[in-house]
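Below you'll find the structure, written out as structure tokens, and then a few comments.
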Amino acid sequence: MAKHVKGTNRRSSGGRSGASDDRGGCAGDREESEDSREETGERALQAPIGCRSYPSIRSQPCLMTLKAVVLGAAGGIGQPLSLLLKTNPAITELSLFDIVNTPGVAADLSHIDTPAVVQGYLPPDDGLAKAVKGADVIVIPAGVPRKPGMSRDDLFKVGHTTIAGAHTHTATIRSTTVPIVAEVLKKHGVFDPKRLFGVTTLDVVRASTFIATVAGSASSAPDYTVPVVGGHSGVTIIPLLSQARPSLPSSQSKSDIEALTKRIQFGGDEVVKAKDGAGSATLSMAYAAAEFTNAVLKGLKGEDVIVPSYVHISADPEGGKALLPNGVEKILPLGQLSDYEAALVKTATPELKDNISKGINFVEHSKL
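Each number in the working numbering corresponds to the 1-based position in the sequence shown with 21 added.
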């Protein structure tokens, strides 16, 4: 599941996925066990609900221009994310959209001497439609900062409306609100499960960082690969520490493992507390989102990439028995779990099912 593939690095194998629009060929893939399906239409790694998995992206080598779009580009995550994407030489066009301040962000970034040509759009004059036209990759970090006492469930209520305007396009969409996005796309008759990915890379990045600290060498964080599956909120985040490479020090006790797991699950709370109510994890989230996007772009360029993400079960309805030409190809299985990790999956299952139901119900009763 966590094997490295030619052309990838640690972050690629732990962070993104991709597909292309009608301008170029590319594909993604995933594999997962048969018993991980559920009538909700989502897939979890050996859990009967939607959750993060480790898909592999594979595409045919191709020469193309690459357009990346950031929806919510003027926000706390959107601005640093846009900066990081501007520095990616593979991107030839960077399109930014938000409800305010986007032209200023675009003007600022446009002075950086990298290949990407930057354009900023606002809602008037079909700004959203213009922003996403011809996109290869769309990233949606739009929302509001989490404050002390707020859960990600609270953020759900205010971070959902950006999706509707992007529904007519065929680019790969990456968002942390996958059930909502999926239902909106279904509602408009353009849902392609192979092109929708949930960004859960921040938990992978945190796991690598925290495990290096526990191992006594914080600077060695880039050397660690730690599979993290499940969702992206509290107990739904399941770090598979038994599969960490390099392995955890043998001196780690059960209580040490549990403490490390809890820190990974609730790492966002550390940042919210440290910022004293002034914000949440924006910079690290932007970095994680950029890593995910970079892996998508590698797939578009013809490289093989394995990434953790959150996808709809129908992206791979046969459990990865056949390779598909675009988008998700296979969902990789969880592998051998420790008893503690198996218990974490069991605990996460009802929470994930509830999260999915909230997303579906919201769209059913909205005008999106």
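All C-beta atoms, glycine included, are put in the ideal place defined by N, C-alpha and C.
Residue i versus residue j: straight-line alpha-carbon distance, rounded
i, j, result
"D119", "P144", "7 Å"
"P214", "L87", "21 Å"
"A265", "D147", "47 Å"
"H132", "L281", "42 Å"
"T221", "G380", "17 Å"
"P267", "V225", "14 Å"
"N122", "S103", "13 Å"
"L318", "I278", "35 Å"
"L353", "P329", "10 Å"
"T108", "K151", "23 Å"
"L261", "L92", "32 Å"
"N315", "H386", "35 Å"
"D42", "A307", "Its pLDDT being 41, under 50, D42 is placed unreliably in this model, and the value from its coordinates should be taken loosely. Roughly 24 Å separates the two Cα atoms."
"V250", "L105", "25 Å"
"A19", "Y331", "Within the shown structure, residues of the chain are numbered from 22 to 389, placing residue 19 beyond reach of any answer."
"A111", "H253", "28 Å"
DSSP-derived helix/strand/coil call for residue i
i, result
"F118", "strand"
"E291", "helix"
"I285", "helix"
"Q264", "helix"
"Y361", "helix"
"T222", "helix"
"V211", "coil"
"L353", "strand"
"K154", "coil"
"K296", "coil"
"Y245", "coil"
"K391", "The displayed coordinates of the chain run from 22 to 389. Any statement about residue 391 would go beyond what the structure contains."
With 16 other Cβ atoms within 10 Å as the buried cut-off, status of residue i
i, result
"N382", "exposed"
"M22", "Reliability fails at M22, whose pLDDT of 37 lies under 50, so the model's placement of it is uncertain and no value is given."
"S378", "exposed"
"T134", "The sequence given here has Asp at residue 134, not Thr. Result: exposed."
"A233", "buried"
"G99", "buried"
"Q286", "buried"
"Y142", "buried"
"V199", "buried"
"E312", "buried"
"G298", "exposed"
"A369", "buried"
"S276", "exposed"
"H209", "exposed"
Own chain partners of residue i with C-beta closer than 7 Å, once the 5 adjacent residues on each side are dropped
i, result
"E114", "T86, K88, A137 and V138"
"V292", "S301 and A302"
"A239", "A233"
Same chain, Cβ closer than 6 Å to residue i, five either side skipped, listed in chain order
i, result
"S322", "Per the sequence shown, residue 322 should be read as Lys rather than Ser. So the list is empty, once near-sequence residues are dropped."
"S229", "A242, Y245 and V247"
Beta-carbon proximity list for residue i, same chain, < 8 Å, skipping 5 on both sides
i, result
"G237", "P270"
"Q140", "E114, L115, S116, L117, A127 and A152"
Residue i Cβ short of 7 Å to the ligand GDP heavy atom set
i, result
"N376", "The model on display carries no ligand, and the ligand GDP is accordingly not part of it."
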